[in-house]
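Chains as they are written, first to last, in my numbering: chain A, 1 to 233; chain B, 1 to 262.
What follows is the structure, encoded as structure tokens:
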């Protein structure tokens with residue numbers, strides 16, 4: 001089973017890009033299964049089931065951070081896709097807190113960004129971009145050529161050597177290299193590890209302590225004027 | 001990645017019309033230094049044609065056309081990088097979304113382009129743009145505050161001067177209210193390929209040739225020569241009169257018979 005993980009900010013065009021990629025994978029003889037992870041709403045699974053007639057599933061992460069949710073479910077998802085007789089599992093996930101990234105070792109990782117989201121976006125989104133194998137830039141027809149070039153340069157500033165595809169997602173032009181990379185990737189083998197390091201562990205706010213002020217908290221804390229430090233045992 | 005050493009000409013190999021029939025024109029070539037127009041009724045496929053050029057179509061767009069460089073079809077590996085490449089497309093829908101100041105933005109663009117002498121190219125760009133606009137661009141303005149005409153003027157100037165794109169595609173820029181004949185004059189000083197999608201008779205007749213579109217297909221290629229070249233002078237007079245009228249109206253004057261004479 002080959003695995004491809006796609007992340008990117010909401011409305012960036014992940015689904016449209018994946019639609020073209022999956023169609024082309026099918027033409028190459030692959031059977032694709034699709035999983036969508038989101039926090040509280042997603043309908044991409046229905047879209048892919050109807051449009052491409054492939055097995056799909058969705059998972060709401062709810063209380064759990066979506067990238068953590070992805071870690072929890074990915075093993076099961078691969079088993080499910082296996083049962084569905086798929087040869088490729090495509091996972092689409094909403095990148096949200098920008099400290100984690102959903103990519104795993106040995107799988108293909110792709111980030112989808114929209115050119116209209118401001119030229120500084122590449123600097124803001126951390127490992128979702130820097131740990132990807134390929135960055136796809138969508139909605140390129142809506143901004144000036146000049147801004148497009150700056151956007152591209154900013155991506156390369158954050159991750160030199162990153163492969164960038166500017167796609168006319170409407171017709172799926174330019175997606176062939178993505179298809180080729182997924183097609184040529186090798187099958188997943190257990191154990192599977194996250195590609196990046198997760199951010200520093202649970203804080204006391206995460207476990208439900210609501211009182212304001214760092215003096216009320218333990219673990220990694222941060223006063224206004226100082227760097228983070230460890231407080232507690 | 002393969003680089004095209006020196007671009008001399010680009011070509012369009014014909015695809016299909018809206019009904020899936022092969023289009024009548026099977027090949028058109030554009031040489032460096034040429035100005036071409038694409039004409040036809042709305043919905044006839046003009047924009048689709050320049051989009052094919054912009055996307056370096058390789059039988060992968062709905063029209064099934066192919067774009068060639070110096071007579072050669074570029075490899076798949078070369079295709080997908082619209083920004084570090086040769087073509088700038090400026091349409092009525094292209095916008096600046098950045099809220100940087102004009103000057104800062106141009107400096108940023110010049111620096112990522114590795115332009116020689118950032119300040120001098122920025123000045124040249126602004127000078128170019130200001131010749132096309134009614135009122136000069138204030139460089140302290142934020143990009144998004146520019147008027148529609150100023151935006152289009154600056155995009156053209158930026159693509160020509162900073163972007164140094166050898167191929168520039170302009171989609172119905174006459175609607176932006178910029179000085180379109182000046183655009184043509186200025187552009188002709190740079191040795192590039194300019195393709196206008198236009199409804200404007202004067203721009204069309206000042207082009208080296210025009211492609212006539214219908215039903216999604218290239219119907220004819222007509223070179224501007226002989227009789228048409230003679231007519232250009234008369235068209236110019238009519239057009240100049242209309243431009244003068246526009247200027248009077250913009251200045252708040254009352255239009256009389258007198259204004260039509262001159």
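Note that the Cβ used here is the ideal one computed from N, Cα and C, for glycine as well.
Of the residues the options, the one placed nearest residue i, counting alpha carbons only
i: residue 191 of chain B; options: B:220, B:160 and B:201; result: B:160
i: residue 28 of chain A; options: A:211, A:221 and A:184; result: A:184
i: residue 215 of chain B; options: B:6, B:11 and B:17; result: B:17
i: residue 24 of chain B; options: B:221, B:249 and B:256; result: B:221
i: residue 148 of chain B; options: B:56, B:91 and B:223; result: B:91
i: residue 24 of chain A; options: A:204, A:216 and A:173; result: A:173
i: residue 198 of chain B; options: B:39, B:8 and B:29; result: B:39
i: residue 167 of chain A; options: B:19, B:45, B:20 and B:56; result: B:56
i: residue 31 of chain B; options: B:195, B:242, B:205 and B:249; result: B:195
i: residue 188 of chain A; options: A:134, A:231, A:88 and A:138; result: A:88
i: residue 218 of chain B; options: B:226, B:29, B:107 and B:249; result: B:29
i: residue 109 of chain A; options: A:129, A:116 and A:218; result: A:129
i: residue 127 of chain A; options: A:194, A:48 and A:216; result: A:194
i: residue 186 of chain A; options: A:48, A:106, A:217 and A:100; result: A:106
i: residue 218 of chain A; options: A:209, A:226 and A:225; result: A:209
i: residue 86 of chain B; options: A:145, A:226, A:216 and A:204; result: A:145
i: residue 229 of chain B; options: B:208, B:135 and B:189; result: B:208
Contact set for residue i: own chain, Cβ-Cβ below 8 angstroms, skip 5 residues either direction
i: residue 26 of chain B; result: 13 and 14
i: residue 236 of chain B; result: 202
i: residue 154 of chain A; result: 119, 120, 121, 122 and 123
i: residue 236 of chain A; result: What the structure shows of chain A is the stretch from 1 to 233, and residue 236 of chain A is not part of that stretch, so it cannot be assessed.
i: residue 47 of chain B; result: 91, 171 and 197
i: residue 113 of chain B; result: 162, 163 and 164
i: residue 252 of chain A; result: No information on residue 252 of chain A is available, as it lies outside the stretch 1 to 233 that chain A covers here.
i: residue 116 of chain A; result: 139, 142 and 143
Neighbourhood of residue i by C-beta distance below 6 angstroms, restricted to the same chain and skipping five residues each side
i: residue 88 of chain B; result: 159, 163, 165 and 168
i: residue 38 of chain A; result: 94
i: residue 21 of chain A; result: 175, 178 and 179
i: residue 35 of chain A; result: 57, 77 and 91
i: residue 102 of chain A; result: 5, 7, 67, 70 and 93
i: residue 80 of chain B; result: Its pLDDT being 44, under 50, residue 80 of chain B is placed unreliably by the model, and nothing is read from it.
i: residue 83 of chain B; result: Model confidence at residue 83 of chain B stands at a pLDDT of 47, short of 50, so the residue's coordinates are unreliable; what they give is reported in the following sentence. Counting only Cβ-Cβ distances below 6 angstroms, and skipping sequence neighbours, we find nothing.
i: residue 4 of chain B; result: In this prediction, residue 4 of chain B has a pLDDT of 49, which is less than 50 and means its spatial position is unreliable; what the coordinates show is noted afterwards. Taken in chain order, the residues that qualify are 69.
i: residue 55 of chain A; result: 33 and 84
i: residue 125 of chain A; result: 98
Proximity below 8 angstroms, CB of residue i to CB of residue j
i: residue 143 of chain B; j: residue 94 of chain B; result: no
i: residue 214 of chain A; j: residue 221 of chain A; result: yes
i: residue 101 of chain B; j: residue 133 of chain B; result: no
i: residue 63 of chain A; j: residue 19 of chain A; result: no
i: residue 96 of chain B; j: residue 147 of chain A; result: yes
i: residue 104 of chain A; j: residue 142 of chain A; result: no
i: residue 35 of chain B; j: residue 184 of chain B; result: yes
i: residue 1 of chain A; j: residue 81 of chain A; result: yes
i: residue 278 of chain B; j: residue 131 of chain B; result: No statement about residue 278 of chain B is possible, as the shown extent of chain B runs from 1 to 262 and does not include it.
i: residue 210 of chain B; j: residue 44 of chain B; result: no
i: residue 150 of chain A; j: residue 109 of chain B; result: yes
i: residue 178 of chain B; j: residue 153 of chain B; result: yes
i: residue 213 of chain B; j: residue 49 of chain B; result: yes
As assigned by DSSP and simplified to three states, the class of residue i
i: residue 166 of chain B; result: coil
i: residue 248 of chain B; result: helix
i: residue 234 of chain B; result: helix
i: residue 69 of chain A; result: helix
i: residue 194 of chain B; result: strand
i: residue 231 of chain A; result: strand
i: residue 142 of chain B; result: strand
i: residue 135 of chain A; result: strand
i: residue 82 of chain A; result: helix
i: residue 221 of chain B; result: strand
i: residue 35 of chain A; result: strand
i: residue 120 of chain B; result: helix
i: residue 149 of chain B; result: helix
i: residue 218 of chain A; result: coil
i: residue 228 of chain B; result: helix
i: residue 171 of chain B; result: strand
i: residue 89 of chain A; result: strand
i: residue 120 of chain A; result: coil
i: residue 148 of chain A; result: helix
Own chain partners of residue i with C-beta closer than 7 angstroms, once the 5 adjacent residues on each side are dropped
i: residue 111 of chain B; result: 118
i: residue 112 of chain A; result: 6, 8, 12, 13, 14, 17, 136 and 138
i: residue 107 of chain B; result: 118 and 122
i: residue 41 of chain A; result: none
Segments of 3+ residues assigned as beta strand (DSSP E) that fall wholly inside the region 36–116 of chain B: 66–69 and 87–90
What ranges does the beta strand (DSSP E) occupy inside the region 154–195 of chain A, keeping only unbroken runs of at least 3 residues that lie completely in it?
163–166
I'd like the ranges of any beta strand (DSSP E) spanning at least 3 consecutive residues and lying wholly in the region 1–53 of chain A.
2–8 and 32–38
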